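Be aware that the sequence shown starts at 4, since it is given in our numbering, and climbs by one per residue.
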Amino acid sequence: EQGNAIINGDNFFKRIELSGEVAFTGTNELDSVLIIAPSDVLFSSGKTQTINNMRINNGVTASLHSPAASSIVFTNHTKYCFDNLVISNVEAKGNAVVNAGINSTLVNASGWLKQNCADVLFSDFTVKYPCENGLTQFTDRSSGTPQQWSWIFPGAVTAQGRQAYFPFAAAGTYPVTLTVSNGSASNSFTGSVMIGTNTLQDNEVVVNGDELFSFNQSLTYQWLKNEIQIPSQTSRSYAYNGQEGVYSVLTFNNECNRISNRVTITGIEANSLTPKIYPNPADEEITIGSNGESVSANLIDLFGRVLLSVKSDSPVVQLPVTNLTEGVYLIEVVTAKKPYRERVIINHSKR
4 EQGNAIINGD NFFKRIELSG EVAFTGTNEL DSVLIIAPSD VLFSSGKTQT
54 INNMRINNGV TASLHSPAAS SIVFTNHTKY CFDNLVISNV EAKGNAVVNA
104 GINSTLVNAS GWLKQNCADV LFSDFTVKYP CENGLTQFTD RSSGTPQQWS
154 WIFPGAVTAQ GRQAYFPFAA AGTYPVTLTV SNGSASNSFT GSVMIGTNTL
204 QDNEVVVNGD ELFSFNQSLT YQWLKNEIQI PSQTSRSYAY NGQEGVYSVL
254 TFNNECNRIS NRVTITGIEA NSLTPKIYPN PADEEITIGS NGESVSANLI
304 DLFGRVLLSV KSDSPVVQLP VTNLTEGVYL IEVVTAKKPY RERVIINHSK
354 R
């Protein structure tokens, strides 16, 4: 029922429902505030109230006032949309965006907005793949029809657009800021992003002629050129077709992604001077073409042991791999020009 109440001293309230006239004489922490009926709320001058959550029933009028300057700190990062309020000598602070509504009266009430709720800018974002040694994805979920998006990552790295990516080198907690604007207003939010340990294994890119392969298998893949994702390139292999650049691939599980080593493709790799090694993956034999020169080749396992060796005056040789265990190996090719090494995959799954 409506009535009069005076709340003295400094207090903590888990939940408080307001109706009628209420006076707070001290500094209070209010976890949940619900104004259920028309209310007149008086705060003592110079006092600060801390509110974690606040709700006002639809259509309810309320007056929040103080004889001189006082304040409310709204702790949660959220957007409040009220209406039919009278705010006098009460400043709104904290992490929330607080809109009093177009039918409200504001007197000496900094921090309160007086707009249509749909027009109030509120910056917010979601985080995906928060793991070290990966590419963490940030997606805007702001409200209020923003038109520009500006991100600030650790090291003062900036990005623009509704979606951004950032690689974190180590687990930990990092600040990330998103500022949204629409030409007439802006709003910023700095979130503490927790980056965890990566659950994926290290991965390498295997070069085979004009194709690149992911050494590790994955739920899905994403190829990058010069640190930019290549649209629609989500297979285990990627045909770079002689295009120079720095290539890498992301592998994924349900929680993380992981960036492979970077492979630099230059004019030397892209032209016909590079020995051709195919197929890769291989099942029965590997063919090595040396562009018109005599060639010798070794097949080496990951422990550095030479398992097969061949030498020929012919520019083309074959290495039989039928009896080799499936896995990754190294082909070492020596021609008159220079030695060349390339990783190959032995895969007998099609038998």
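Backbone N, C-alpha and C define an ideal beta-carbon position, used for all residues, glycine too.
Fair warning: this is a prediction, and the values are worked out from it, not measured in the lab.
Local conformation of residue i per DSSP, three classes
i: residue 18; result: coil
i: residue 159; result: helix
i: residue 121; result: helix
i: residue 7; result: strand
i: residue 346; result: strand
i: residue 337; result: strand
i: residue 150; result: coil
i: residue 406; result: Nothing about residue 406 can be read from this structure; the chain reaches only from 4 to 354.
i: residue 80; result: coil
i: residue 128; result: strand
i: residue 192; result: strand
i: residue 74; result: strand
i: residue 351; result: coil
i: residue 198; result: strand
i: residue 282; result: coil
i: residue 51; result: strand
i: residue 311; result: strand
i: residue 330; result: strand
Same chain, Cβ closer than 6 angstroms to residue i, five either side skipped, listed in chain order
i: residue 311; result: 302 and 322
i: residue 32; result: 15 and 53
i: residue 26; result: 9 and 45
i: residue 4; result: Here residue 4 scores only 48 on pLDDT, less than 50, and its place in the model should not be relied on; the value that follows carries that caveat. Once the five neighbours on either side are set aside, residue 4 has no close Cβ partner at all.
i: residue 157; result: 177
i: residue 151; result: 184
Residue j beta carbon less than 8 angstroms from that of residue i
i: residue 347; j: residue 318; result: no
i: residue 170; j: residue 19; result: no
i: residue 279; j: residue 250; result: no
i: residue 242; j: residue 207; result: no
i: residue 252; j: residue 220; result: no
i: residue 60; j: residue 39; result: yes
i: residue 71; j: residue 49; result: yes
i: residue 223; j: residue 237; result: yes
i: residue 211; j: residue 168; result: no
i: residue 331; j: residue 305; result: yes
i: residue 23; j: residue 47; result: no
i: residue 216; j: residue 283; result: yes
i: residue 300; j: residue 309; result: no
i: residue 142; j: residue 132; result: no
i: residue 100; j: residue 196; result: no
Reference residue i, options the options, closest by Cα
i: residue 127; options: 182, 101 and 13; result: 182
i: residue 324; options: 349, 315, 313 and 305; result: 349
i: residue 187; options: 217, 149, 221 and 216; result: 149
i: residue 17; options: 9, 114 and 37; result: 37
i: residue 165; options: 69, 345, 153 and 232; result: 153
i: residue 82; options: 178, 68 and 56; result: 56
i: residue 191; options: 210, 147, 212 and 158; result: 147
i: residue 124; options: 140, 112, 44 and 145; result: 145
i: residue 337; options: 292, 352 and 327; result: 292
i: residue 58; options: 68, 43, 342 and 21; result: 21
i: residue 159; options: 180, 11 and 289; result: 180
i: residue 260; options: 161, 287 and 203; result: 203
Neighbourhood of residue i by C-beta distance below 7 angstroms, restricted to the same chain and skipping five residues each side
i: residue 118; result: 102 and 105
i: residue 174; result: 135, 198, 199 and 200
i: residue 74; result: 51, 93, 94 and 96
i: residue 120; result: 84 and 102
i: residue 13; result: 29, 30 and 31
i: residue 273; result: Its pLDDT being 46, under 50, residue 273 is placed unreliably by the model, and the measurement read from it follows with that caveat. Counting only Cβ-Cβ distances below 7 angstroms, and skipping sequence neighbours, we find 245 and 247.
i: residue 329; result: 349, 350 and 351
Test: residue i CB closer than 8 angstroms to a CB of chain D
i: residue 265; result: Any reference to chain D falls outside this structure, which holds one protein chain only.
Cβ-based neighbour list, residue i, same chain, cut-off 8 angstroms, excluding 5 preceding and 5 following
i: residue 342; result: 335 and 336
i: residue 86; result: 103, 104, 105, 106 and 107
### Residue ranges of each alpha helix (DSSP H) within the region 240-278, 4 or longer
DSSP runs (the alpha helix (DSSP H)) wholly in the region 240-278: 270-273.
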